[in-house]
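Engineer: Handing you a structure now.
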Amino acid sequence: MTRAWWSISFVGLLGVAACGGSDDTDLFQGSGGKAGAAGKAGATAAGSGGSSTAGSGGSSTAGSGGSSAGSGGSSTAGSGGSSTAGSGGSSTGGKAGAGGASACAGGCDDGVPCTIDSCVDGACVHVPGSCPAAQHCDVTAGCTQSPACADDAACKALWAADPCKTNVRCDGATATCKFDLLDKDGDLHWPVVCGGDDCDDVNPSKHPGRAEVCDGQDNDCDGAVDGSNLCAAPRVCAEGACSCPADNKCGSECVDKSTSPNHCGACGKKCPAGATCVNGACDCPGDAVACGASCVDTQASQQHCGACDKPCTAQQKCVSGACQCLKKSCGGACVDPDTDPKNCGDCGVGCAAGAACSAGVCLCPAAKPDTCLGACVDKQTDPKHCGDCGVDCGGNACVGGQCSTCTPGALLVLVDTSGSMSSPLGGTTRLKEATTAVKNVIQEAASSGVSVGLQLYPRYDSSAGSTCLAADYAALDVALAALPANAPALTAALDGAKLTGVSLIGAPLVAGVDTLRAWASAHPGAPLAIAIINDGATGLYCSGEVPDAIAAATAGVAGTPSVKTYVIGLGSPTVEELQVWTDVATAGGGTASNTSIAGDAAIADALRAARATVACP
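If you're matching positions, the sequence shown starts at 18 in our numbering and goes up one per residue.
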């Protein structure tokens with residue numbers, strides 16, 4: 018039934034629940050002593066102590082429980098019924114009856130039409146409802162005729178001792194007594210001691226139906242203070258506010274580290290995609306394991322074989338959580354016998370120094386096809402293994418597998434890289450033809466033992482242009498060193514040559530003579546020569562260019578040790594340029610070769626002529 022909140026009238030209020038709550042604890046104190054607290058409500062209502070005398074019952078034994086509990090006798094408390102508790106009697110009010118089983122499990126309908134039946138705090142409550150005029154709701158008998166009255170005094174005298182009745186009055190229309198149920202806080206809920214459901218009748222913010230808030234009080238009168246469902250886990254209700262425990266704080270977040278995928282077990286420990294956090298540990302699907310930011314199969318992962326961060330090498334494969342060699346195990350290490358120079362073909366089979374392992378066979382490079390004392394050599398040119406292993410030429414060159422009786426000398430090659438060297442020649446450019454010729458000559462067997470250096474000229478400064486100072490050419494692009502060992506460095510420098518500036522030969526020639534003589538101090542008796550590859554336009558940029566070049570060539574050949582100068586011209590020189598080439602070469606005791614537009618073959622022949630003066634026959 019729906020609760021009616023208007024005033025109702027009745028003779029007495031049966032079925033009062035526990036006497037307690039707020040300021041209502043003394044509502045039923047009589048001359049015989051304070052009534053004992055009732056047990057939980059039963060199928061109908063608990064027996065109560067009288068307002069001034071103890072509850073009725075047997076003279077010495079407790080009343081037995083029926084549909085409603087028996088009230089206490091003079092000496093023994095009433096026992097609870099099968100479903101409700103009896104209230105106790107005694108000379109001072111009576112002890113509480115023993116509680117029966119919960120009444121709400123089977124429902125709270127008492128069969129009385131006018132009562133409003135409900136379950137409050139685990140016990141059934143039956144509140145009087147509305148009845149026709151001149152009647153009131155008796156919780157056991159239903160709608161009952163209200164007492165007749167002539168004035169308010171008669172009604173107050175009748176109900177003055179019942180604190181649950183307020184505003185007692187005589188209704189002139191029906192000439193019967195009426196009253197309002199007690200509601201001190203005006204929240205339209207009657208106190209529990211008057212059969213209502215208000216657990217605190219002086220606080221309008223506490224009654225059934227109010228929203229529970231985190232304030233340390235039982236706002237909805239359900240018997241629980243600040244229920245656990247009020248703060249979203251893992252926040253807890255403390256001092257009226259939801260707060261995050263220190264152990265659950267991760268920056269501005271409040272997390273459960275036992276389940277949070279972004280803070281699993283510790284702040285910032287994020288589980289991989291697809292994984293869940295279980296008891297503070299990342300749990301990947303299936304048999305996968307969380308390794309860093311990924312779920313991996315440690316039974317097959319190359320980087321996490323058997324466990325996280327346990328990688329297999331390039332020569333291993335992860336099989337069933339263990340790294341196994343792909344090809345062969347030698348001394349506990351995985352090797353590839355097809356390519357490993359230390360285990361070529363089989364464990365412990367090492368290749369000679371400089372050799373490669375190919376298809377399980379040791380192979381020396383073409384430039385050093387022979388093997389001597391564990392190293393790749395060329396018996397045709399190696400002065401330590403000339404013609405055969407261990408044949409030492411004693412400082413002389415090895416030519417064609419025979420020790421020479423002479424000492425090979427040094428050849429400094431000066432290559433013109435001025436802008437005009439970009440002119441077409443032989444299908445490419447002058448520079449390309451010149452560098453190709455030099456690379457071909459230094460690879461020849463006849464060059465073996467000859468020390469060759471390289472100077473690219475002119476030196477160029479973006480702010481000052483081509484430099485005319487000999488000091489700027491003192492450092493070579495490739496230092497003087499014996500062939501064939503020096504061939505790779507010479508080739509790399511020639512391939513990287515850049516075109517810049519204007520042509521000049523005086524300053525590079527002066528510095529070149531000094532460089533060769535410095536080298537000769539450690540190689541006494543070795544012949545020296547300079548080969549200048551040039552496409553003309555000399556004498557037009559630096560002041561005194563031609564006289565300086567002629568003077569340097571003259572001083573070179575005449576000094577000690579003697580340095581010869583050779584000029585190799587190319588392109589389409591003017592008569593004046595041809596004359597400069599001839600004058601410089603003649604002054605240096607060498608020759609001038611005009612290869613014109615013949616290309617790299619003609620340039621190589623002229624270079625071989627210069628090489629012949631420093632190589633052993």
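Glycine included, every Cβ here is placed at the ideal spot set by N, Cα and C. What you are looking at is a predicted structure, and each value in this text was computed from that prediction instead of being measured.
On the criterion of 16 or more Cβ atoms from any shown chain inside 10 Å, does Thr388 qualify as buried, or is it exposed?
Structural biologist: Walking along the sequence shown from the start, residue 388 turns up at place 371. When all chains shown are included, Thr388 counts as buried.
Engineer: Assuming Lys182 is part of the beta strand (DSSP E), what are its boundary residues?
Structural biologist: Taking the first residue of the sequence shown as position 1, residue 182 is located at position 165. 182-188 is the extent of the beta strand (DSSP E) around Lys182.
Engineer: What does DSSP give as the partner residues of Glu270 in its beta bridges?
Structural biologist: Here the question's residue 270 lines up with position 253 in the sequence shown. According to DSSP, Glu270 bridges with Cys267.
Engineer: Within a Cβ cutoff of 6 Å, which residues of the same chain sit near Cys16, ignoring the five residues on either side of it in sequence?
Structural biologist: Examination of residue 16 is not possible in this model, given that the chain is present from 18 through 634 alone.
Engineer: In the DSSP assignment, the alpha helix (DSSP H) including Ile522 goes from what residue to what residue?
Structural biologist: Within the sequence shown, residue 522 is the residue found at index 505, counting from 1. From DSSP, Ile522 is part of no alpha helix (DSSP H); its letter is neither H nor E.
Engineer: Can you check whether the CB of Val563 is closer than 7 Å to the CB of Val597?
Structural biologist: As a working mapping, residue 597 is identified with position 580 in the sequence shown. As a working mapping, residue 563 is identified with position 546 in the sequence shown. For Val597 and Val563, yes; Cβs fall inside 7 Å.
Engineer: Put Thr78 into one of helix, strand or coil per three-state DSSP.
Structural biologist: Start at 1 with the first residue of the sequence shown, and residue 78 comes out as number 61. Because the pLDDT of Thr78 is 33, which lies under 50, any placement of that residue in the model is unreliable, and the question is left without a value.
Engineer: Under 8 Å by Cβ, that's how I've got Ser468 and Ala498 pegged, so tell me the actual separation to the nearest angstrom.
Structural biologist: In the sequence shown, the residue the question calls residue 468 occupies position 451. In the sequence shown, the residue the question calls residue 498 occupies position 481. Indeed they touch by this definition, with Cβ atoms about 6 Å apart.
Engineer: Excluding the five sequence neighbours on either side, which residues of its own chain have a C-beta within less than 8 Å of the C-beta of Ala167, listed in chain order?
Structural biologist: Mapped onto the sequence shown, residue 167 falls at position 150. Counting only Cβ-Cβ distances below 8 Å, and skipping sequence neighbours, we find Cys187, Ala192.
Engineer: Take Ser222 and list the residues in its own chain whose beta-carbon comes closer than 7 Å to its own, dropping the five residues that flank it on each side.
Structural biologist: Here residue 222 is taken as the residue at index 205 of the sequence shown, counted from 1. Contacts found: Asn236.
Engineer: Taking 7 Å as the threshold (C-beta atoms), are Ile459 and Leu429 in contact?
Structural biologist: Counting from 1 along the sequence shown, the entry for residue 429 is found at position 412. Counting from 1 along the sequence shown, the entry for residue 459 is found at position 442. The answer is no: Cβ separation not under 7 Å.
Engineer: Would you mind stating whether Lys581 and Thr532 have Cβ atoms separated by less than 7 Å?
Structural biologist: Position 564 of the sequence shown, counted from the first residue, corresponds to residue 581. Position 515 of the sequence shown, counted from the first residue, corresponds to residue 532. No. Outside cutoff.
Engineer: Kindly indicate the opening and closing residues of the beta strand (DSSP E) around Asp387.
Structural biologist: One-based indexing of the sequence shown puts residue 387 at position 370. Element bounds for Asp387: 387-389.
Engineer: Reducing DSSP to helix, strand and coil, say where Thr330 ends up.
Structural biologist: Within the sequence shown, residue 330 is the residue found at index 313, counting from 1. Residue state, collapsed to three classes: coil.
Engineer: Please classify Asp357 as buried or exposed, where buried requires at least 16 other C-beta atoms within 10 Å of its C-beta.
Structural biologist: Locating residue 357 in the sequence shown gives position 340, counting from the first residue. Classification of Asp357: buried, given that the 10 Å Cβ count is 16 or more.
Engineer: Would you verify that the beta carbon of Val230 is, or is not, closer than 7 Å to some beta carbon of chain B?
Structural biologist: Chain labels in this structure do not include chain B; a single protein chain is all it has.
Engineer: Just reading off the alpha helix (DSSP H) that Ala568 is part of, what are its end residues?
Structural biologist: Stepping through the sequence shown from its first residue, residue 568 is reached at position 551. Unbroken alpha helix (DSSP H) run through Ala568: 562-575.
Engineer: Apply the 10 Å Cβ neighbour rule to Val592 and answer buried if 16 or more other Cβ atoms are within range, or exposed otherwise.
Structural biologist: To locate residue 592, count along the sequence shown from 1; it is residue 575. So Val592 ends up on the exposed side.
Engineer: At what residues does the alpha helix (DSSP H) containing Ala177 begin and finish?
Structural biologist: Position 160 of the sequence shown, counted from the start, is the residue given in the question as residue 177. From DSSP, Ala177 is part of no alpha helix (DSSP H); its letter is neither H nor E.
Engineer: Anyone know if the C-beta pair for Gly518 and Pro475 falls short of 7 Å?
Structural biologist: Translated into the one-based positions of the sequence shown, residue 518 becomes position 501. Translated into the one-based positions of the sequence shown, residue 475 becomes position 458. In this structure, Pro475 lies closer than 7 Å to Gly518 by Cβ.
Engineer: Cα-Cα, which of Val295, Gly470, Gly466, Gly523 is closest to Asp489?
Structural biologist: Here residue 489 refers to the residue found at position 472 of the sequence shown. Among Val295, Gly470, Gly466, Gly523, the Cα nearest to that of Asp489 belongs to Gly523.
Engineer: Would you give the residue range spanned by the alpha helix (DSSP H) that Asp622 belongs to?
Structural biologist: Here the question's residue 622 lines up with position 605 in the sequence shown. That run of the alpha helix (DSSP H) goes 617-629.
Engineer: Please report the distance separating the alpha-carbon of Cys393 from that of Cys406.
Structural biologist: Numbered from 1 along the sequence shown, position 376 holds the residue referred to as residue 393. Numbered from 1 along the sequence shown, position 389 holds the residue referred to as residue 406. Cys393 and Cys406: Cα-Cα distance of roughly 11 Å.
Engineer: Around the C-beta of Ser435, are 16 or more other C-beta atoms found within 10 angstroms, so that it is buried, or is it exposed?
Structural biologist: Sequence index remark: in the sequence shown, residue 435 carries index 418 (1-based). It counts as buried.
Engineer: Please list, in chain order, all residues of the same chain as Glu594 whose beta carbon is under 8 Å from its beta carbon, the five residues on each side excluded.
Structural biologist: Residue 594 sits at position 577 when you count from the first residue of the sequence shown. Cβ within range, chain order: Gly553, Ala554, Thr555, Gly586.
Engineer: What first and last residue would you give for the alpha helix (DSSP H) that runs through Ala454?
Structural biologist: For the purposes of this step, residue 454 is taken as residue 437 along the sequence shown, with counting starting at 1. Counting along the chain, the alpha helix (DSSP H) containing Ala454 begins and ends at 447-459.
Engineer: Excluding the 5 residues flanking Ile136 on each side, which residues of the same chain have their C-beta closer than 8 Å to its C-beta?
Structural biologist: For the purposes of this step, residue 136 is identified with residue 119 of the sequence shown, where counting begins at 1. The sequence given here has Cys at residue 136, not Ile. Closer than 8 Å at Cβ, skipping near neighbours: Ala120, Cys121, Cys125, Val142.
Engineer: For Thr555, which residues does DSSP report across the bridge?
Structural biologist: Counted from its first residue, the sequence shown places residue 555 at position 538. DSSP, once it has assigned bridges, lists no residue as partnering Thr555.
Engineer: Looking at C-alpha atoms only, which residue of Ala298, Ser483, His224, Thr398 is the closest neighbour of Ala241?
Structural biologist: For the purposes of this step, residue 241 is taken as residue 224 along the sequence shown, with counting starting at 1. Measuring from the Cα of Ala241, the nearest candidate turns out to be His224.
Engineer: Rounded to whole angstroms, what is the Cα-Cα separation between Asp353 and Gly426?
Structural biologist: By 1-based counting over the sequence shown, the position of residue 353 is 336. By 1-based counting over the sequence shown, the position of residue 426 is 409. C-alpha separation (whole angstroms): 45 Å.
Engineer: Rounded C-beta distance between Val432 and Ala514? I'm assuming under 8 Å.
Structural biologist: Along the sequence shown, read from residue 1 onward, the residue named residue 432 stands at position 415. Along the sequence shown, read from residue 1 onward, the residue named residue 514 stands at position 497. Yes, they are in contact, since the Cβ atoms of Val432 and Ala514 sit about 7 Å apart, within 8 Å.
Engineer: Taking the alpha helix (DSSP H) that Thr508 falls in, what are its first and last residues?
Structural biologist: Indexing the sequence shown from 1 puts residue 508 at position 491. It spans 504-512 - the alpha helix (DSSP H) in which Thr508 sits, taken as one unbroken run.
Engineer: Where DSSP assigns a beta bridge to Thr532, which residues make up the other side?
Structural biologist: What you label residue 532 is simply residue 515 of the sequence shown in a count that begins at 1. For Thr532, which the question treats as bridged, DSSP gives no partner whatsoever.
Engineer: Are the CB atoms of Ala621 and Tyr583 nearer to each other than 7 Å?
Structural biologist: For the purposes of this step, residue 621 is taken as residue 604 along the sequence shown, with counting starting at 1. For the purposes of this step, residue 583 is taken as residue 566 along the sequence shown, with counting starting at 1. For Ala621 and Tyr583, no; Cβs fall outside 7 Å.
Engineer: For Ala283, tell me which candidate among Cys559, Lys182, Gly268 has the shortest Cα-Cα distance.
Structural biologist: Looking up residue 283 in the sequence shown gives position 266. Minimum Cα distance to Ala283 is reached at Gly268.
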